[in-house]
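According to the numbering used here, the sequence shown is numbered sequentially starting from 7.
By construction, the Cβ of each residue, glycine as well, lies at the ideal position given by its N, Cα and C atoms.
All remarks here apply to the structure that follows.
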Amino acid sequence: MRPTIVDEFDPPFTITEPSAQTIPFVFNVPHAGAVYPASFLAASRLDAVALRRSEDAFVDELFSAMPDLGAPLMTARFPRAFLDLNREPYELDSRMFDGRLPPFTNTRSMRVAGGLGTIPRIVADGQEIYRSRLHVDEALHRIEWLYKPYHRTLRHLVRRTAQHFGHAVLIDCHSMPSSSVSREDGAKADIVLGDRYGTSCATLLIDLVEAALRGRGYTVIRNKPYAGGFITEHYGEPALGRHALQIEINRALYMDERSMQKKPGFAVLAEDVTQAFTQVIADIEGELTIRSIAAE
Numbered sequence: 007m008r009p010t011i012v013d014e015f016d017p018p019f020t021i022t023e024p025s026a027q028t029i030p031f032v033f034n035v036p037h038a039g040a041v042y043p044a045s046f047l048a049a050s051r052l053d054a055v056a057l058r059r060s061e062d063a064f065v066d067e068l069f070s071a072m073p074d075l076g077a078p079l080m081t082a083r084f085p086r087a088f089l090d091l092n093r094e095p096y097e098l099d100s101r102m103f104d105g106r107l108p109p110f111t112n113t114r115s116m117r118v119a120g121g122l123g124t125i126p127r128i129v130a131d132g133q134e135i136y137r138s139r140l141h142v143d144e145a146l147h148r149i150e151w152l153y154k155p156y157h158r159t160l161r162h163l164v165r166r167t168a169q170h171f172g173h174a175v176l177i178d179c180h181s182m183p184s185s186s187v188s189r190e191d192g193a194k195a196d197i198v199l200g201d202r203y204g205t206s207c208a209t210l211l212i213d214l215v216e217a218a219l220r221g222r223g224y225t226v227i228r229n230k231p232y233a234g235g236f237i238t239e240h241y242g243e244p245a246l247g248r249h250a251l252q253i254e255i256n257r258a259l260y261m262d263e264r265s266m267q268k269k270p271g272f273a274v275l276a277e278d279v280t281q282a283f284t285q286v287i288a289d290i291e292g293e294l295t296i297r298s299i300a301a302e
């Protein structure tokens with residue numbers, strides 16, 4: 007197959023492994039990729055800062071201590087504006103491409119209609135990404151050489167964890183624009199936890215994570231406006247002892263959303279995230295064991 011800008015990512019994702027995996031957790035950061043190839047920038051009608059509006063900037067750093075706690079951390083290096091891993095593999099907008107899409111393509115999902123399919127048409131603030139149509143081969147190349155290897159590897163990490171411990175917990179790590187988390191009463195959520203309305207993980211798990219974060223002073227709500235996407239829905243199988251929980255962190259807590267620069271409070275938030283999951287792990291391994299989650 008002819009080279010494309012997919013080949014400019016080397017490697018396309020990273021896995022930071024602990025010296026030994028000692029806990030049944032896997033942490034995943036699918037939207038923090040910040041490698042923007044020159045050819046992608048040239049194909050876009052937007053500048054680099056505008057393209058980064060869709061990026062969960064620095065979330066990999068917020069969770070960087072998870073391997074020290076005994077869990078692997080997987081992170082995409084390519085940006086969400088280039089390819090969105092939290093979608094079905096073939097959620098594609100036919101209006102974006104020259105050439106015929108495969109017959110199994112989902113062209114009618116709500117996410118495609120909103121411009122946020124597997125190959126996004128727009129960035130998070132609604133601006134069109136591309137100057138002109140892409141050839142369909144380019145879309146399929148990205149899916150074959152980035153999307154599918156990423157998910158194969160993530161499934162392997164979850165499967166390996168489940169085989170070793172008898173169960174697995176996937177924490178899918180994201181950030182959200184501050185403008186998306188206003189509640190009717192005017193309060194702002196610092197963190198939104200998504201469990202697909204109780205279907206992707208045991209209640210005990212989300213209870214423990216929420217309690218640990220609230221105990222550190224954060225305002226936490228569940229499932230609104232983010233209940234979890236493709237990853238949470240498809241990797242969470244509580245009946246099989248595989249649990250998936252999405253965590254969305256308000257970007258205003260740790261970065262200037264216009265300049266995309268970290269705020270001074272970044273290190274404090276990162277430490278709070280580390281301590282919160284240290285507590286969750288201790289609670290699960292102690293009185294409230296993971297076995298009680300698996301049996302729920």
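Buried or exposed (CB count within 10 angstroms, at least 16 for buried), Asp131:
exposed
By a C-beta neighbour count over all protein chains shown, 10 Å radius and 16 as the cutoff for buried, is Met7 buried or exposed?
Reliability of the predicted coordinates at Met7 is poor, the pLDDT of 47 falling under 50, and the value obtained from them is presented with this limitation in mind. Burial call: exposed.
Go ahead and label Gly192 buried or exposed: buried means 16 or more other beta carbons lie within 10 angstroms of its beta carbon, across all protein chains shown.
Since pLDDT at Gly192 reaches only 47, below the 50 mark, its modelled position is unreliable, and no value is offered.
Which of helix, strand or coil DSSP assigns to Met266
coil
Looking at the structure shown, is Ala282 part of a helix, part of a strand, or coil, going by DSSP?
helix
Compute the Euclidean distance between the alpha carbons of Ala250 and Pro36, then round it to the nearest angstrom.
14 Å
Here's the rule I'm using: 16 or more other beta-carbon atoms within 10 Å means buried, otherwise exposed. How should Val175 be labelled?
buried
Tyr156 beta carbon less than 9 Å from that of Leu219
no
With respect to the alpha helix (DSSP H) encompassing Phe236, which residues constitute its N-terminal and C-terminal limits?
Phe236 to Tyr241
Considering only their Cβ atoms, is the gap separating Ile255 from Val279 smaller than 9 Å?
yes
Note down, one range per segment and in chain order, each beta strand (DSSP E) of at least 3 residues found wholly within the segment 134-205.
174-182 and 197-200
Distance check for Thr113 and Leu146, CA to CA, integer angstroms please.
14 Å
Within a Cβ cutoff of 7 Å, which residues of the same chain sit near Val55, ignoring the five residues on either side of it in sequence?
Met266
Relative to the C-alpha of Pro244, which residue among Pro231, Val164, Ala217 and Ala258 is closest?
Val164
Does the structure place the segment 68-78 close enough to the segment 197-215 that three or more beta carbon pairs sit under 8 Å?
no
Considering only DSSP beta bridges, list what Val226 is partnered with.
Ile197
Just checking, does the segment 82-102 make contact with the segment 14-30 on the three C-beta pairs under 8 Å criterion?
yes
Going by the DSSP bridge assignment, what does Val252 pair with across the sheet?
Note on identity: in this sequence residue 252 is Gln, with Val being the wrong assignment. Answer by DSSP bridge pairing, in chain order: Asp178 and Gly200.
Use the C-beta contact count for His141: other C-beta atoms within 10 angstroms, 16 or more gives buried, fewer gives exposed.
exposed
Runs of 3 residues minimum, wholly inside the segment 42-85: which ones carry the beta strand (DSSP E) assignment?
79-82
Write down the C-beta distance between Gly234 and Gln252 rounded to the nearest angstrom, noting that I regard them as a contact closer than 8 Å.
4 Å
Using the DSSP secondary-structure output, state which residues sit across from Asn112 in a beta bridge.
Glu97
Could you compute how far the alpha carbon of Gly123 sits from the alpha carbon of Arg106?
17 Å
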